[in-house]
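Colleague: Residue numbers (my numbering): 608 to 791.
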C-alpha cells in the first residue's frame with residue numbers, strides 16, 4: 608500500500624512539474640502562464656513598450672469574441688477585463704453589462720518594457736469571457752500601445768498572435784508542499 612501511495616505521489620509530482628509555468632517569447636513579448644488551483648489561469652505578460660500591453664484570449668476573428676485583458680503601469684498596476692465586441696474594437700466588460708473577472712497580481716515598468724501579472728477564472732460565467740478548458744489549445748492575441756500610452760484607449764502600435772495550451776493539473780502551493788514532504 609505504501610508503495611502504491613508513493614507511486615501516486617511521484618506521478619503527481621511529475622505531472623505538476625510538467626504542467627507548471629509555460630513560457631513563450633513572440634515578437635518582443637514574453638508570455639508566461641500556469642493553471643493555478645483547478646479553476647484559474649495566472650498570466651505574466653511583458654511587452655516592448657512603456658505604454659499598455661494586452662492579451663486577447665480565443666478570438667473568433669481578429670479581436671471579435673476575444674476575452675481581452677489590457678493593462679499598464681503608472682505608479683501602480685492598472686488592468687481591465689475587456690471583450691472584443693467588433694473585429695477591430697474592444698470594450699470594458701462592465702460597460703457591456705458583464706463583470707470584471709480579472710485579479711491584478713502586480714506589474715511594473717523597466718528597461719522600456721511593461722509587465723502585467725493577473726489571474727482569470729477558467730470559466731467566469733460571464734457572457735463576455737469564453738470558458739477555457741484543460742488540454743485545449745487557444746489563440747492568444749498580444750498587443751501593445753506606443754510608449755507612454757498609459758490608458759485603455761490608445762490604438763495598438765503592434766499586434767501579433769500565438770497559441771497556448773491550458774494544462775489541466777493545477778496544484779495549490781499547500782498541496783504541492785504536502786506532496787513534496789511526503790516524497791522526502
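All C-beta atoms, glycine included, are put in the ideal place defined by N, C-alpha and C.
Identify whether residue 699 lies in helix, strand or coil by the three-state DSSP scheme.
Modeller: Indexing the chain shown from 1 puts residue 699 at position 92. DSSP places residue 699 in strand when its eight states are reduced to three.
Colleague: Unbroken beta strand (DSSP E) runs of length 3 or more, entirely within the stretch 676 to 745: which are they?
Modeller: Within the stretch 676 to 745, the complete beta strand (DSSP E) runs of at least 3 residues are 684 to 693, 696 to 699, 710 to 717 and 720 to 728.
Colleague: For residue 684 and residue 642, what's the separation of their Cα atoms in angstroms?
Modeller: Numbered from 1 along the chain shown, position 77 holds the residue referred to as residue 684. Numbered from 1 along the chain shown, position 35 holds the residue referred to as residue 642. Going by the C-alpha atoms only, they are around 22 Å apart.
Colleague: Is there contact between the stretch 765 to 772 and the stretch 672 to 692, where contact requires at least three CB pairs shorter than 8 Å?
Modeller: Result no; under three Cβ-Cβ pairs closer than 8 Å.
Colleague: Could you say if the stretch 650 to 664 and the stretch 747 to 765 meet the contact criterion of at least three C-beta pairs nearer than 8 Å?
Modeller: At 8 Å Cβ cutoff, the stretches touch.
Colleague: Give the straight-line distance between the Cα atoms of residue 717 and residue 773, rounded to the nearest whole angstrom.
Modeller: On the chain shown, position 110 is the one that residue 717 refers to. On the chain shown, position 166 is the one that residue 773 refers to. Those two C-alpha atoms are separated by around 29 Å.
Colleague: Give me, in chain order, the residues of the same chain whose beta-carbon lies closer than 7 Å to that of residue 745; leave out the 5 immediate sequence neighbours on both sides.
Modeller: What you label residue 745 is simply residue 138 of the chain shown in a count that begins at 1. So the qualifying residues of the chain are 664, 665, 739, 770, 771 and 773.
Colleague: Measure from the alpha carbon of residue 728 to the alpha carbon of each residue in 702, 674, 720 and 627, then state which is nearest.
Modeller: Position 121 of the chain shown, counted from the first residue, corresponds to residue 728. The residue with the shortest Cα to Cα distance from residue 728 is 674.
Colleague: Please classify residue 759: does DSSP put it in a helix, a strand, or coil?
Modeller: On the chain shown, residue 759 is found 152 positions in, with the first residue counted as 1. Here residue 759 sits in coil by DSSP.
Colleague: Residue 650 and residue 765 - do their beta-carbons sit closer together than 8 Å?
Modeller: Counting from 1 along the chain shown, the entry for residue 765 is found at position 158. Counting from 1 along the chain shown, the entry for residue 650 is found at position 43. Contact: no.
Colleague: Classify residue 731 as buried or exposed, calling it buried when 16 or more other Cβ atoms lie within 10 Å of its own Cβ.
Modeller: Start at 1 with the first residue of the chain shown, and residue 731 comes out as number 124. By the neighbour-count rule (16 or more Cβ atoms within 10 Å), residue 731 is buried.
Colleague: What three-state label does DSSP hand residue 662 in the structure shown?
Modeller: Translated into the one-based positions of the chain shown, residue 662 becomes position 55. If DSSP states are grouped into helix, strand and coil, residue 662 belongs with the strands.
Colleague: Straight-line CA distance for residue 627 to residue 743?
Modeller: Walking along the chain shown from the start, residue 627 turns up at place 20. Walking along the chain shown from the start, residue 743 turns up at place 136. Residue 627 and residue 743: Cα-Cα distance of roughly 16 Å.
Colleague: For residue 702, does the count of other Cβ atoms within 10 angstroms reach 16, so buried, or fall short, so exposed?
Modeller: Here residue 702 is taken as the residue at index 95 of the chain shown, counted from 1. Flag for residue 702 reads exposed.
Colleague: Do residue 722 and residue 638 have their beta-carbon atoms positioned less than 8 Å apart in this structure?
Modeller: Position 31 of the chain shown, counting from 1, holds the residue named residue 638. Position 115 of the chain shown, counting from 1, holds the residue named residue 722. No; because the gap between Cβ atoms is not below 8 Å, this pair is not in contact.
Colleague: Would you check whether the ligand COA has a heavy atom nearer than 7 Å to the C-beta of residue 724?
Modeller: The ligand COA is absent from the structure shown, which contains no ligands of any kind.
Colleague: Going by beta carbon distance, what residues of the same chain come within less than 6 Å of residue 672, once the five residues before and after it are set aside?
Modeller: Stepping through the chain shown from its first residue, residue 672 is reached at position 65. Excluding residues within five positions, the ones whose Cβ falls inside 6 Å are 666 and 691.
Colleague: Would you mind sorting residue 678 into buried or exposed? The rule is 16 or more other CB atoms within 10 Å of its CB.
Modeller: Numbered from its first residue, the chain shown carries residue 678 at position 71. So residue 678 counts as buried.
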